[in-house]
Structure formats: C-alpha cells, structure tokens
Amino acid sequence: MEEAQDDVNEMAYQMQKFSWVDYVVFVFMLAISAVVGVYWGFMKKQTTQNDYLLGGRNMQVIPVSMSLVASFVSGITLLGSPTEVYMHGTQYAFIIGGIFLMSIVMTQVYLPVFHELKITSNYEYLSMRFDNRVRLFGSILFTFTLIGWLPIVIYVPALAFNQVTGVDIHIITPIVCLVCIFYTSAGGLQAVVWTDVIQITVMFGAMVLVAIKGTLDVGGVGVVLQRNLDSERIEYPNWDPNPTARHTIWSLLIGGLVYWLQANSVNQTMVQRYLALPTLRGAKWSVFLFCIGISVLYCLCIYCGLLIYARFYDCDPLQTKLAKAKDQLLPLLVMDVLGDIPGLPGIFVAGIFSAALSSLSTSLNSMSAVVLEDFYKPFFKRQLSEQQINWLLKGVVILLGCACLGLVFIVEKMGTILQLTMTLEAMTMGPQLGVFTMGILMPWVDATGALVGGVCGLLTMAWWCLSAQLAIANGQIVHPHKRLTTEGCLYNFTIADPVNQLAETTVEVNPVLHVSYMWYTLSGAVVAMCIGLIVSQVNRILGKVHVLPAPKLLAPLLRGLYGEPPHPSDEPYINAYDSKKERISIKNSTSIDMKPINEIEEIG
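Quick note on this note's numbering: the sequence shown kicks off at -19 and runs consecutively.
In structure tokens:
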C-alpha cells in the first residue's frame, strides 16, 4: 500500500515543476494589472465620485462587455464547469439557452428603468419605488452574499496554483489580493474595466491553449467525441418534467433564465457597468455581447471537460488520488499536456487567477458604491466633500479586501463552508430578484408588502437550502454521476473510497429537498412576490393608502397604462437632477412621497 502511494505522490510531484518562465509569465500578468491601477489612479486621476464608480458614465461598449464577462467568470466557473462535464455529462450546456432568454427579458424590463434613472447603486431604485427599509434590506442581502462568496473566489484558484506548483496557498493569496486591492482602490471603475479586458484575454487564451494542445495529445477531436459518446457524457436534452431531476431542459432554460436574471439584471456588480455606458442603446448592446462572450467561454469549459475524460477515460485520477479534489482535474490536465512546454502552464495559471482578480476587483468597487449610496447617504445628514468621498470609497475597498483575505483561512479549515456559502448565495438571490420584480412589474405592491415578501422569501429559502445541503452532507441524498474506471492505470495506487456512485442514493427526507438546485432562485422569487402581493392586498382592505408609482419606475411595457407625469415639477419625485446633472437628495422617501399630495390616487 505504501509503495502504491509512493507512485502516486511521485507522479504528483513531477507535475508540480513550474519553470522560471512560468513564474515570469504569472508575475507579468500581476504587474500589468498593477500598472493599469497606477495609470488610472495617479496619471488619470478619478477626481469625483462619478469618475471613480461609473467612469464618468462615458465608458465604451466593447471594453465594458469584456469586463462583464471577466467579472462574472471566476475560477469557480473555469475549474467547476469542466468537472461538471467529467462527472455528470453535458446536460448543463443547455443553460446557454437560458442566458440568451435572459438578455431579452433584461433589455426590455429591467435595464431601461435603471439606466434612465441615472442612479449609482441599483438599490437606490428600491427607495424611490418603496422606501429606505426595502433599500436597506436589499443592500444587506448583497453585502452578506458578497462577503460569503469572495473568499471562495480567492481560495479556488489558489488550490489550482498549489496543484501545479506545490506553493502553499497562504503565500500566493496575499500577494494576488494585495495587487487587486491596490489597482481597484487606486483606479476605480476605469482600472477595473481595463484590467478586466486584459484578464479576459488571458483567460480565453489559456483555455484555447489547453483545448488545442490537449486535443492533439489524445489523437484529435474525433477521439475526444467518441470516448465521450461511448461513456454517454454527450447528452441529448432531458425532457423529464420531474423537478427533482438534477438537470433537465426545463430547469436549465426556465430556472437558468431566472438565475441569470438575478445575476445580471439586479446584481450591483453587473448593473454598475451597464450604468457606466452613456446611452441605453449601448447598454443593450453590451448585454448581447456579454451573452455571446459568456456562451463562448462556457463552450470552451465544457469542451475541456470532455477533454479531461478523453485523457483519463480509463484511469480516473480522483480514485487514484492523483487529483485530491474535483476542482483540481483541469490543472492536472494542464500539467499533463502543457507541463513540458515552458511558459504555457504559467499562462494557464495566470488565466485562472485573472478570473479571480476580475471578480474580486469588480465586487470591491461595487461594494464601495453600496456603502456610500445605501449605507451612508440615506441615514447620515452630513454632506461629504469629494475628497472625503474618495477616501471613504478607497477605504471600503481596502477593508473589505483584507477581510476577504482573512476569511480564506476559515474557508480552508471548514470543509463544508464551500457548500454552505454557495447555499447562502442561493438563499439570497431569489428574494432579491422578487423584490425588484415587484417594484418594476407590480405597481400595486406597496413598501410593506415588498419588505415582508422579501423577508419571507429569505426565510423560506434559508430553511430549504440549508436542509437540502445538510441532507447531502449526511449522505441522505447522493446524486449519480457517469461511470469512472481505473482499469487502464499504468501506475500503482490504492483506492480508499470508490467514487463510482452510479445510482441515486436516497434516505427518507422531505420530498421538497430533492428538488433540483436550479429551481431555487425561481422559488425564492415566487415566494417573495406572492407574499408581497397578499400583504399589499390586505393593507388595501384595511384602508391604507397606496399610490401608483411614477411611470419611470416601471418597466416600459407598463408605462403606457399609467401615462407620463403631467407636469415637469413631478420629475424630482422620480429621479432628481438639476441642470448640472448633480443628484438632489431625497431623504426618507416612501411610496406615498412619490407624487405631490394633490395627485395621490388610490388603486381601485
């Protein structure tokens, strides 16, 4: 047994030889990001809040679109998607259809409202449409989700770096994070967008290199496809209407549509870039370009998953412990096919860390906007100077970045924290989308209804998601995966825990816990909207006055039903700007404040 383990350890060690050329490539990527921060922070100084958070609302469509793809794709996506294909097949690829459906709904419903209001944080909309209570609720959900998600974004690529170099994760993560904190705090959104452009180029280049070289090594595209067809990994759409099926065409199109709506349409990290574009037409174009870019990257990741199986089809590295974790399968393939060519492993690792850097920098910049617009301005009367605002924004970036770096230690020590954090994201996404949808599409919902609906949706999904994850952790629910074998291995190894779980194992648990995770976001949104509608109707029966929201707060398709404001004097109640486009502060606005008192009309 010891001899077998020695063979595996020796092979793993041989794959951890990063050459000096690889290190140079990796350091060069970090240096470029730092230089961009220096340029936008010190040579092209961001003098105002508008410059720092929104690039002066004068960004260009193509760089913003590339930035959107880069920030959405993290190391979790680049490493997790190929693993999904290796373990479960290509059914997940049909979520690309949900992505394009999202682009249609977003550009017709959500984006026009946010863009025309010229807001900085999309949670400002919630105070305009409802009140500051709902705005605070949405901001808190965003904050907790971000704090839980970012340590994973940092930790996962560090695992990949450890797989290919053997360097301890606590050596590399502080270096990478400090570079990211520097250029984000110094250069603002301009630095974030332009480093994203560089990083998405590195990402695509790394994945294309792996795909081409790996395909040549296994014998061509035909061999890749045939081996995956033989193992039934290349799949036709699963039309099963059963919601407990892990992936079906219905859950991936409908559930995927709703998931991507919350991720792209009401998420501050994404909306902030759309608001940085000068025109609505440009913002809509950036949505479609984002969908094309993210779909191409998903296809690359899915093909790399097929490639991993084609390379290890007869000797599963998970069972032999050559790869100690599922997310290390792609780095293992990289060192296997690119390890003999100096510089190429460095490009791949740079690509993985580029994904992490882009996600981290975008999130830090968005969080600074939320702190200023949603946590400070509505509750503190003191007006800050531009210099004070600048220091506040940079301070938030530095403090949150350091906090997330510290949380990496917790992620490493608590093995289940990965599952729990992803569950936290699922718990908050649906209710948040439900609250925004009530505001934009349901004018009869009042502030109390929106708040109660959002809280009920959060509590419902908290019970549902945590219970399901607990059942999975306890082995009460085990999802099947495709067949894996070690029959063709040419080295000695010892199998401690076979992973060939070919049939779903279930113990008697609540049937709702078997529902696919792809329905979580939709379920949270539906619960929030239904409760919000019921509470608003009860308030109306009790005689509480509710007024129609201003037309600009509704989706364009609803505005014709209520007409435009009859007087220019109504505009400040919708979105207040003077001739210099400076924001007029509206303190403690509620739905009843949205129109002058002589125009209040109860919905009848």
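Ideal placement from N, C-alpha and C gives every residue a C-beta, glycine not left out.
Would DSSP call residue i helix, strand or coil?
i: VAL458; result: strand
i: VAL527; result: strand
i: LYS264; result: helix
i: MET39; result: coil
i: TRP443; result: helix
i: SER(-1); result: coil
i: THR466; result: coil
i: ARG109; result: helix
i: SER47; result: helix
i: LEU324; result: helix
i: ARG213; result: coil
i: ASP294; result: coil
i: HIS494; result: helix
i: VAL53; result: coil
i: ASP558; result: With a pLDDT of 34 at ASP558, under the threshold of 50, the modelled position of this residue cannot be trusted; read the value that follows with caution. It is coil, neither helix nor strand.
i: ASP426; result: coil
i: PHE359; result: coil
i: LYS374; result: helix
i: LYS301; result: coil
So, using beta-carbon positions, are residue i and residue j closer together than 7 angstroms?
i: ASP111; j: PRO325; result: no
i: PRO62; j: ILE288; result: yes
i: SER496; j: ARG226; result: yes
i: VAL65; j: TRP174; result: no
i: SER339; j: VAL177; result: no
i: TYR135; j: VAL525; result: no
i: GLY433; j: ILE511; result: yes
i: LYS462; j: GLY202; result: no
i: LEU379; j: SER348; result: no
i: VAL41; j: TRP265; result: yes
i: ALA406; j: CYS445; result: yes
i: HIS150; j: ALA263; result: no
i: VAL377; j: LEU344; result: yes
i: MET183; j: ALA290; result: no
i: ILE274; j: VAL49; result: yes
i: ASN390; j: ALA140; result: Per the sequence shown, the amino acid found at residue 390 is Ile instead of Asn. It is not a contact, given that the beta carbons lie outside the stated cut-off.
i: PHE74; j: ILE229; result: yes
i: ARG115; j: GLY419; result: no
Smallest Cα separation from residue i: which of the options?
i: THR300; options: TYR90, VAL204, CYS469, PHE94; result: CYS469
i: ASN102; options: ARG362, THR474, VAL350, LEU387; result: VAL350
i: LEU533; options: TYR105, ASN247, GLY236; result: TYR105
i: TYR500; options: VAL518, SER447, LEU513; result: SER447
i: THR408; options: GLY55, ILE120, MET86, TYR90; result: ILE120
i: VAL246; options: LEU257, MET39, GLY414, ILE390; result: GLY414
i: MET315; options: LEU126, TYR356, ASN142, ALA508; result: ASN142
i: TYR293; options: LEU313, TYR278, ASP307; result: LEU313
i: ILE12; options: GLN179, LEU158, LEU48, ARG109; result: GLN179
i: VAL329; options: GLN170, PHE80, GLY185, THR249; result: GLY185
i: VAL159; options: VAL425, LEU10, THR228; result: LEU10
i: LEU385; options: PRO223, VAL114, ILE152; result: ILE152
i: VAL44; options: PHE270, ARG113, GLN248, ILE452; result: PHE270
i: ALA508; options: ASN244, GLY200, ALA451, ALA442; result: ALA442
i: ASP296; options: GLY200, LYS306, THR466, PHE355; result: THR466
i: LEU541; options: MET250, HIS459, TRP424, MET498; result: TRP424
Express the C-alpha separation of residue j and residue i in angstroms, rounding to a whole number.
i: VAL4; j: ALA383; result: 29 angstroms
i: TYR471; j: GLN449; result: 36 angstroms
i: LEU421; j: ARG261; result: 21 angstroms
i: ASN208; j: THR57; result: 21 angstroms
i: SER(-1); j: VAL144; result: 11 angstroms
i: THR123; j: MET82; result: 24 angstroms
i: PRO411; j: PHE52; result: 20 angstroms
i: ILE155; j: LEU237; result: 37 angstroms
i: ALA430; j: PRO529; result: 14 angstroms
i: LEU309; j: LEU302; result: 9 angstroms
i: ASP320; j: ILE161; result: 34 angstroms
i: GLN88; j: LEU537; result: 8 angstroms
i: TRP371; j: THR164; result: 13 angstroms
i: PHE6; j: MET46; result: 21 angstroms
i: TYR278; j: GLN242; result: 19 angstroms
i: GLN252; j: VAL190; result: 33 angstroms
i: LYS561; j: ILE99; result: The predicted model places LYS561 with a pLDDT of 35, which falls under 50 and marks its position as unreliable, so this point remains unresolved.
i: ILE457; j: TYR216; result: 25 angstroms
i: LEU257; j: ILE79; result: 21 angstroms
i: ILE514; j: GLY455; result: 38 angstroms
i: GLN368; j: PHE268; result: 37 angstroms
i: CYS284; j: GLY118; result: 37 angstroms
i: GLY235; j: PHE359; result: 37 angstroms
i: PRO311; j: ASP197; result: 16 angstroms
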